[in-house]
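Here the structure comes first, spelled out in structure tokens, and everything after it is commentary.
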Amino acid sequence: MTTSTSADPIVECRNIKKIYHQGKVDVVALDGIDMIVDRGSFMALAGPSGSGKTTLLNLMGGLDSPDAGSIILDGNNLQDLTASRLADLRLHRIGFVFQAYNLIPVLSALENVEFGMLLQGIPAKERRRRAMRILDDFGLDGKYHRRPAELSGGQQQRVAVARAIASDPAVVLADEPTANLDSGTGQGLLELMREMNTQRQVTFVFSTHDEMVMDYARRRVLIRDGRIVDDRLR
Amino acid sequence: MRRIVIIQLGWRNIWRNRRRTAVILTAVIIGVWSMVFLGALMRGTADRMVRNGIATLTGHLQIQHPSYRKDPLVEHRIRDPETVYRALEQRLPSDARWTARVRVNAVANNARHAGGVVLLGIDPPTEAAVSFISEAAVVAGRYLRSGEPHHILIGQALADKLETRLGNKLVMMSQDADGEIASRAFRICGIYRTEMESTEKQYVFATRSAVQQMLKIGNDVSEVSVLLQRHGRVDDVVKGLKKTLAAEPYQVLSWRELLPLVTAVLNMYDGFILIWFLTVFVAMGFGLVNTILMAVLERIREFGLLSAIGMKPPWVVAEVLVESFFLLAIGTATGNILGMLSVVMLSRTGIDLSAFAAGMEFVGMSRLIFPVLLVKDVFMANATILLLGLLVSLYPAVKAARFKPVQAMAHN
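Line by line, the protein sequences give chains H and F.
Per this note's numbering, the very first residue in the first sequence carries number 102; after that it's consecutive.
Per this note's numbering, the very first residue in the second sequence carries number 5; after that it's consecutive.
In structure tokens form, the structure reads like this:
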């Protein structure tokens with residue numbers, strides 16, 4: 102099943118298969134995924150634990166490679182890229198938010214947000230201005246110089262989202278971004294993400310198995326046993 | 005700009021585990037300190053050997069009869085010393101000092117004992133400017149005066165051995181120019197002391213004219229010894245003298261040729277210092293690799309994150325190498341300072357090795373060792389630590405760069 106809602110794709114997954122070899126047992130994580138993510142989407146990959154959501158996000162972000170099929174991100178076929186080119190693509194076109202352990206512990210909140218921009222070569226003044234503005238938008242003004250260990254879990258995730266969007270990516274891939282947060286903090290984070298999507302047209306693809314989180318998405322793709330079993334717009 | 009973030013990350017990362025950093029820094033500091041300080045001690049030992057060798061009647065260079073070194077007989081002498089003196093006037097730098105000596109093996113006798121010695125006929129004022137024997141070395145009586153026919157200067161150790169003292173007679177016997185046994189009675193006018201007991205036992209001094217008369221050699225001499233103010237000019241001066249004296253039946257020898265044992269020991273020291281540096285590095289290198297590897301392995305997830313957000317493998321390698329560089333740089337800087345402080349402290353007092361002096365004298369080592377710091381040794385110690393340190397750090401650095409983001413971030 103190929104699912105698409107417009108002719109302006111940012112990510113195209115074609116017949117993706119991924120098998121993990123655990124000893125003598127082969128575990129099929131993804132079994133023929135066809136999916137198109139439109140530019141400007143705010144999309145949830147839903148499904149129970151072990152359904153293949155994280156695997157699909159990792160493949161879309163070029164963090165892992167599929168056993169079969171192809172992924173085209175912003176016009177680049179990920180299978181054709183070297184490790185260095187993939188890193189370059191991740192740096193310039195993809196923002197990541199992970200479930201936990203998102204930030205570089207020796208850098209402050211501001212430096213974490215600046216990190217990607219610094220690697221991109223954005224001048225210091227512009228970099229700092231953008232990082233501060235985003236942190237301000239995320240309600241983290243006054244916490245610029247705190248290191249991750251000095252921030253709450255919710256604040257850390259907000260810094261992580263801020264870092265992900267600060268380098269102006271084509272798509273932000275978020276793997277269960279609210280999983281380690283209480284419901285109130287999680288909702289606040291989702292509001293922020295949706296605001297960024299609405300105001301800045303940042304594409305968000307996030308995985309979740311939480312019904313409340315799914316409700317925030319404008320498109321919900323349900324994955325079960327490595328297959329897309331439902332794909333609907335809200 | 006990437007450099008800035010890599011340097012920033014590297015610097016902060018080394019202070020994440022302060023105890024581990026302190027341990028490896030201690031190892032590097034001790035390693036560098038020992039390289040600098042013990043290297044300076046070895047150089048000091050070598051330097052004293054050379055100084056002693058040169059001062060002990062060798063000089064920076066000598067002019068001799070070609071057969072004199074192999075067979076130091078009275079017939080192997082310089083029969084036309086004026087030619088040599090003219091060459092010296094022509095070729096030596098103005099600040100150089102030289103003296104001519106008669107040197108023969110002899111037997112020293114008194115009423116109780118006899119012993120083999122080397123009898124030197126010297127010109128007292130010029131000799132004092134070239135070798136150790138001078139007014140300052142005399143501890144009892146006085147130094148020789150030019151032209152004295154029957155006065156002799158002996159070492160304290162020889163005086164003890166012969167059970168004689170100042171004012172006593174000493175009969176010297178040797179072979180003269182005709183191959184006959186020549187003897188002459190001298191009165192001990194002075195007793196000298198030196199740093200090395202073996203020197204005191206071996207050398208006795210009379211005036212050159214007295215020894216020339218005793219050996220019936222006219223104005224002939226055994227050797228002309230030259231002392232230069234600058235050590236580094238020896239080769240040039242030797243070359244010049246060889247050219248000037250090319251037609252004469254004499255040879256010009258530098259101190260390296262005159263003191264082959266010292267030269268061999270010096271060459272050995274270069275090897276020893278290199279082996280010492282490498283030994284220290286190997287011991288320290290294992291600690292360094294272990295530390296960096298530990299630091300990398302406990303941050304696998306972090307390297308996964310860095311890679312996921314766009315750090316390329318070469319940048320990850322650079323980041324780990326920067327951490328290693330900071331550890332090495334701080335360690336070497338501190339080790340250098342401590343090493344140099346140790347050298348400065350000991351440069352006044354030296355280290356007294358009297359307990360081992362008897363054995364050490366065989367190779368011309370002195371009882372007191374003063375460390376000598378050579379720029380090339382400090383450079384070599386630092387280069388060894390920094391370059392080889394970074395080289396061995398490549399292993400953990402490449403390992404960090406090879407982590408796959410997905411596996412790394414799933415690592416517990």
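Think of the CB as a built atom: it goes at the ideal place given N, C-alpha and C, for glycine as much as any other residue.
The structure presented is a predicted model; accordingly, all values stated were derived computationally and were not measured.
- Three or more pairs of CB atoms, one per stretch, sit closer than 8 Å, so the segment 51 to 63 of chain F contacts the segment 134 to 152 of chain F.
- Distance from the CA atom of Q94 (chain F) to the CA atom of V230 (chain F), rounded to whole angstroms, is 13 Å.
- Measuring C-alpha to C-alpha distances from D274 (chain F) to each of F:L342, F:L45, F:T336 and F:W259 identifies F:L45 as the nearest.
- When DSSP reads this structure, T309 (chain H) sits in a beta bridge with H:A147.
- Below 8 Å, too few C-beta pairs join the segment 173 to 190 of chain H and the segment 298 to 311 of chain H to call them touching: fewer than three.
- Taken atom to atom, the span from the alpha-carbon of D168 (chain H) to that of D127 (chain H) is near 12 Å.
- Interface annotation for the segment 158 to 170 of chain H against chain F: N159, G162, L164 and D165, criterion Cβ-Cβ distance under 8 Å.
- For R23 (chain F), no CB of chain H lies under 8 Å from its own CB, so it is not counted at the interface with that chain.
- Counting only runs of 3 or more residues that sit fully inside the segment 110 to 183 of chain H, the beta strand (DSSP E) segments are 110 to 123, 126 to 139, 143 to 147 and 169 to 174, in chain order.
- Shown here, M200 (chain F) sits in coil according to DSSP, grouped into three states, outside any helix or strand.
- Here the segment 313 to 326 of chain F makes contact with the segment 395 to 415 of chain F; the two share three or more CB pairs at distances below 8 Å.
- In terms of CA proximity to R212 (chain F), F:N223 leads the group F:N223, F:K205, F:P318 and F:I192.
- If you check the CB distance, L123 (chain F) and A186 (chain F) do not come in under 8 Å.
- The Cβ atoms of M315 (chain H) and S284 (chain H) do not sit closer than 8 Å to each other.
- Under the DSSP assignment, Q160 (chain F) falls in the alpha helix (DSSP H) whose first and last residues are Q160 to L166.
- The residue among F:R146, F:V9, F:G151 and F:S150 with its C-alpha nearest the C-alpha of G159 (chain F) is F:R146.
- Neighbours of V207 (chain H) in chain F, taken as residues whose beta carbon is under 7 Å from its own, are L13, R16, N17 and R20 in chain order.
- Annotation for D381 (chain F): the continuous alpha helix (DSSP H) segment containing it runs V379 to A387.
- The beta carbon of G48 (chain F) lies closer than 7 Å to those of I373, F374, P375 and V376 in the same chain, with the five residues before and after it left out.
- Here the C-alpha atom of R169 (chain F) lies approximately 31 Å from the C-alpha atom of V228 (chain F).
- L241 (chain H) is not a Cβ neighbour of R230 (chain H), given a cutoff of 8 Å.
- For a Cβ distance threshold of 8 Å, nothing in chain H lies close to M298 (chain F): the least Cβ distance comes to about 16 Å.
- Within a 10 Å sphere around the beta-carbon of D240 (chain F) sit fewer than 16 other beta-carbons, which makes this residue exposed.
- Note that the C-beta distance between V36 (chain F) and T336 (chain F) is below 8 Å.
- Against chain F, the CB of S142 (chain H) has no partner CB under 8 Å away; the residue lies outside that interface.
- Scanning the segment 188 to 256 of chain H from its first residue to its last, the whole alpha helix (DSSP H) runs of 4-plus residues come out as 210 to 221 and 225 to 238.
- With a 10 Å radius around the Cβ and a threshold of 16 neighbouring Cβ atoms, A268 (chain F) comes out exposed.
- The Cβ-Cβ distance between V320 (chain F) and L219 (chain H) does not fall below 8 Å.
- By the rule that beta-carbons nearer than 8 Å mark a contact, L219 (chain H) touches chain F.
- For D189 (chain H), the C-beta contacts it makes with chain F under 9 Å involve G314 and K316, in order along the chain.
- Rounded to whole angstroms, D189 (chain H) and Y121 (chain H) show a C-alpha spacing of 26 Å.
- F281 (chain F) and S258 (chain F) have their C-alpha atoms roughly 31 Å apart.
- Here the C-alpha atom of N203 (chain H) lies approximately 9 Å from the C-alpha atom of F197 (chain H).
- For Y207 (chain F), the enclosing beta strand (DSSP E) has its first and last residue at Y207 to T211.
- For the set H:L160, H:K118, H:M136 and H:E227, the Cα lying nearest the Cα of A275 (chain H) is the one of H:L160.
- In the three-state scheme derived from DSSP, where H, G and I count as helix and E and B as strand, G285 (chain H) is classed as helix.
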